[in-house]
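Report on the following structure.
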Amino acid sequence: MAKNHTRYIFSMGELKRKDNSIAFSNEKGHFYIPIEDTRELYCLNEVSFNTKFLDFVSRARITMHLFNYHGNYSGTFYPKDSYISGDLTIKQSYAFVENRQSIAKNIVLAISKNIYEVLYHYFRHGTKELKPYLDWLKNDAPKFLEKELSIEQIMFIEGQIWHRFYDSFKHFLPEDFVMN
Numbered sequence: 120m121a122k123n124h125t126r127y128i129f130s131m132g133e134l135k136r137k138d139n140s141i142a143f144s145n146e147k148g149h150f151y152i153p154i155e156d157t158r159e160l161y162c163l164n165e166v167s168f169n170t171k172f173l174d175f176v177s178r179a180r181i182t183m184h185l186f187n188y189h190g191n192y193s194g195t196f197y198p199k200d201s202y203i204s205g206d207l208t209i210k211q212s213y214a215f216v217e218n219r220q221s222i223a224k225n226i227v228l229a230i231s232k233n234i235y236e237v238l239y240h241y242f243r244h245g246t247k248e249l250k251p252y253l254d255w256l257k258n259d260a261p262k263f264l265e266k267e268l269s270i271e272q273i274m275f276i277e278g279q280i281w282h283r284f285y286d287s288f289k290h291f292l293p294e295d296f297v298m299n
């Protein structure tokens, strides 16, 4: 059976394991939550339970999201990954580094394009001093990002983009607003 239900608990009470089910009890009575089709459980109020219950929920592969009395998020309990192995973790970390660089480059490229659009608005309306900034953002920044770069180098290019953006303020902001 597919685990595709999300269950919500809105009132204060206690969660226990009872007859291989989840039992919720409070002043209104006892309620059973079937584990077979429950994927996650949201406790949206103060709910008490013990480690034996957490072990049961973990073996049933149910994720629990916990909120306090005021509705603020407290944390999430994730079941232990039953397929964890050292080799898999190492491979995942390598994939993360490769994806991280690609994602970082795309984010910085998007920042560059957005800043270009902002500055181009002022350029179109007569602030011709922005031409060197626009040329750098359109031509140079993307070329730098095409190279094989470390995360630190990508961050440096992002810093250069923001530096040039802030430096351009002197050309279109009133003198009272220019940053020193």
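Straight run, no breaks: the sequence shown in the numbering used here ends on number 299. Virtual Cβ for every residue (Gly too), placed ideally from N, Cα, C. Because the structure is a prediction, the values reported are computed rather than measured.
For the alpha helix (DSSP H) that contains residue i, what are its first and last residues?
i	result
glutamate 277	270-291
tyrosine 252	250-254
Candidates the options: which alpha carbon is nearest residue i's?
i	options	result
lysine 171	Asn139, Ser193, Asp200	Asn139
isoleucine 141	Phe284, Pro153, Gly148	Pro153
lysine 232	His244, Asn218, Trp255	Trp255
serine 193	Asp206, Lys199, Val166	Val166
isoleucine 226	Ser287, Lys122, Gly278, Glu294	Gly278
phenylalanine 267	His244, Lys147, Arg219, Asp200	In the sequence as presented, phenylalanine is not what sits at residue 267; that position holds glutamate. Nearest C-alpha to glutamate 267: Arg219.
serine 269	Glu217, Lys147, Glu146, Ala179	Glu217
tyrosine 241	Lys137, Leu292, Glu146, Pro198	Leu292
Count the other CB atoms within 10 Å of the CB of residue i; is the residue buried (16 or more) or exposed (fewer)?
i	result
methionine 131	exposed
threonine 157	buried
alanine 223	buried
isoleucine 181	buried
arginine 283	buried
tyrosine 213	exposed
serine 221	exposed
tyrosine 285	exposed
phenylalanine 215	exposed
phenylalanine 296	exposed
serine 287	buried
Taking Cβ to Cβ, would you say residue i is nearer than 8 Å to residue j?
i	j	result
phenylalanine 175	glutamate 133	no
histidine 290	glutamate 236	no
alanine 260	isoleucine 276	yes
isoleucine 280	isoleucine 234	yes
isoleucine 128	asparagine 187	no
leucine 238	leucine 264	no
threonine 125	glutamate 155	no
aspartate 161	histidine 184	The sequence given here places tyrosine at residue 161; aspartate does not occur at that position. A contact, by the Cβ cut-off of 8 Å.
Is there at least one non-hydrogen atom of the ligand SAM closer than 7 Å to the beta-carbon of residue i?
i	result
arginine 180	Of the ligands one can find in the structure shown there are none, so the ligand SAM has no counterpart to examine.
What residue does the beta strand (DSSP E) around residue i start on, and which one ends it?
i	result
phenylalanine 143	140-145
threonine 170	Taken as a continuous stretch (DSSP letters only), threonine 170 belongs to no beta strand (DSSP E), being part of the alpha helix (DSSP H) at 170-178.
glutamate 159	157-162
phenylalanine 263	From DSSP, phenylalanine 263 is part of no beta strand (DSSP E) but of the alpha helix (DSSP H) over 260-265.
lysine 137	132-137
tyrosine 151	148-152
leucine 185	182-186
On the premise that residue j lies in contact with residue i, defined as a C-beta separation below 8 Å, what is that separation, rounded to the nearest angstrom?
i	j	result
leucine 173	phenylalanine 196	6 Å
serine 177	lysine 199	6 Å
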